[in-house]
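In what follows, a single structure is set out as structure tokens and then discussed.
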Amino acid sequence: MKRETLWFIIFAINIIYCYCISMKKALLIGINYENDENQKLSGCINDAVTMKNMLIDAYGYTQTGVTVLRDDVHDEKVLPTTSNIVNELNKLIDESRYLSEIWIHYSGHGSYVEDQNRDEEDGYDEVILPIDYKKKGVISDDLLRSYLNRMKCVV
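Once you know that position 44 of the sequence shown is 58 in the working numbering, the rest is easy, because the numbers rise by one and skip nothing.
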């Protein structure tokens with residue numbers, strides 16, 4: 015098989031794959047801290063659901079292209095744990111070279127911790143609090159930036 019033919023086949027497979035998986039993906043996270051009386055919020059899950067509907071209705075996202083992590087369900091796969099958030103970000107990184115757009119939305123508690131690598135003028139890193147933050151810790155802006163920097167959307 016000629017090299018040009020092989021490259022054409024690979025290119026065609028990539029185009030078909032892009033078309034099949036949708037060119038847009040979203041990760042939406044809504045945490046009301048349902049099982050934490052001291053941190054309980056209301057409306058964060060509604061924010062994520064509203065965002066999902068907007069992305070589908072107004073911006074051409076598909077149902078399968080939108081992942082919602084929320085803490086009002088009993089399905090371990092969709093709980094907004096540290097592990098699930100990181101896993102979903104890694105999936106976006108893996109798929110990003112086939113995507114034209116990635117949307118990430120977080121609604122839940124945020125906080126700050128002392129900056130460990132001295133990249134913040136105020137001396138603090140901003141963090142988000144997954145539902146298991148008391149056991150697994152928080153997710154820092156530095157970690158989120160490292161994930162975002164590895165995403166390679168098609169321009």
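The beta carbon of each residue, even a glycine, is placed where N, CA and C say it ideally should be. Keep in mind that this is a model prediction, so the values were computed, not measured.
Taking a 10 Å sphere around the C-beta of residue 88, we find fewer than 16 other C-beta atoms and assign the residue as exposed. No Cβ-Cβ contact shorter than 8 Å links residue 70 with residue 58. Restricting attention to 139, 165, 121, the CA atom closest to the CA of residue 64 is found in 121.
Here residue 40 is bridged, per DSSP, to 80, 117. In this structure residue 83 is in contact with residue 99, their Cβ atoms being roughly 7 Å apart against a cut-off of 8 Å. Residue 139 carries a strand assignment under DSSP once its states are collapsed to helix, strand and coil.
Counted as a single uninterrupted DSSP element, the beta strand (DSSP E) harbouring residue 127 occupies residues 124-128.
For residue 104, the uninterrupted alpha helix (DSSP H) segment begins and ends at 96-109.
Nearest to residue 152 by alpha-carbon distance, out of 132, 125, 73, is 125. Here residue 75 is buried: its Cβ has 16 or more other Cβ atoms, across all protein chains shown, within 10 Å.
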